[in-house]
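>
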Amino acid sequence: MKKSKVIKQELMIKTTPHEIYEAFMDSKIHSKFTESKTKISREIGGNFSVFEGAINGKNVELIQDKKIVQTWRSEGENWPKGYYSTISLTLESVDEGTLIKFEHIDVPEGAYESVKEGWNSYYWDPLKDLLKK
Numbered sequence: 001m002k003k004s005k006v007i008k009q010e011l012m013i014k015t016t017p018h019e020i021y022e023a024f025m026d027s028k029i030h031s032k033f034t035e036s037k038t039k040i041s042r043e044i045g046g047n048f049s050v051f052e053g054a055i056n057g058k059n060v061e062l063i064q065d066k067k068i069v070q071t072w073r074s075e076g077e078n079w080p081k082g083y084y085s086t087i088s089l090t091l092e093s094v095d096e097g098t099l100i101k102f103e104h105i106d107v108p109e110g111a112y113e114s115v116k117e118g119w120n121s122y123y124w125d126p127l128k129d130l131l132k133k
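Going by the working numbering, the sequence shown opens with residue 1, and the numbers climb by one from there.
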């Protein structure tokens, strides 16, 4: 692969770390906020598939309500076949709710802008809507 980039984002959601962890790791909740068919294993080494298989990977590290690390790949045209990047979500309880520290490492340069925007439009915005109290 040619060049890769890193996406780093921090956002605050007015809910508990548990609610966010479950939204990412529970197939039914994940399907609800992404409006897509989702299969997610809750085991380290287990597979996940979202958006009807357009995004898939494996769980690398899972710390209940604190951290999720997964290998991640897209079936999109700007993504090299068979290539995996890594995502990491760290969840921190703060007075205002939960601070999400997110990193997406080794994103192919050609897919960077669409993937970066995709996290906002397909994940963070719908997740905030789902978890509004």
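Virtual Cβ for every residue (Gly too), placed ideally from N, Cα, C.
Bear in mind the structure is a predicted one, so any value in this text is a computation, not a measurement.
#1: What ranges does the alpha helix (DSSP H) occupy inside the segment 4 to 84, keeping only unbroken runs of at least 4 residues that lie completely in it?
#2: Whole angstroms are fine: how far does the CA of His18 sit from the CA of Asp65?
#3: Alpha helix (DSSP H) containing Glu113: first to last residue?
#4: Counting beta carbon pairs with one atom in the segment 123 to 130 and one in the segment 29 to 43, are three or more of them shorter than 8 Å?
#5: Between which two residues does the alpha helix (DSSP H) containing Asp129 stretch?
#6: Can you give me the C-alpha to C-alpha distance between Thr16 and Lys81, rounded to a whole angstrom?
#7: Determine the closest residue to Leu89 out of Asp95, Leu62, Glu96 and Phe102, with distance taken between C-alpha atoms.
#8: Should Asn120 go down as buried or exposed, given a rule of 16 or more other Cβ atoms within 10 Å for buried?
If we stick to the structure as given:
#1: 17 to 25 and 27 to 34
#2: Rounded to whole angstroms, the separation of the alpha carbons of His18 and Asp65 is 5 Å.
#3: Tyr112 to Gly118
#4: yes
#5: Segment Asp125 to Leu130, the alpha helix (DSSP H) holding Asp129.
#6: So the alpha carbons of these two residues sit roughly 37 Å apart.
#7: Of the listed residues, the one whose Cα sits closest to Leu89 is Phe102.
#8: exposed
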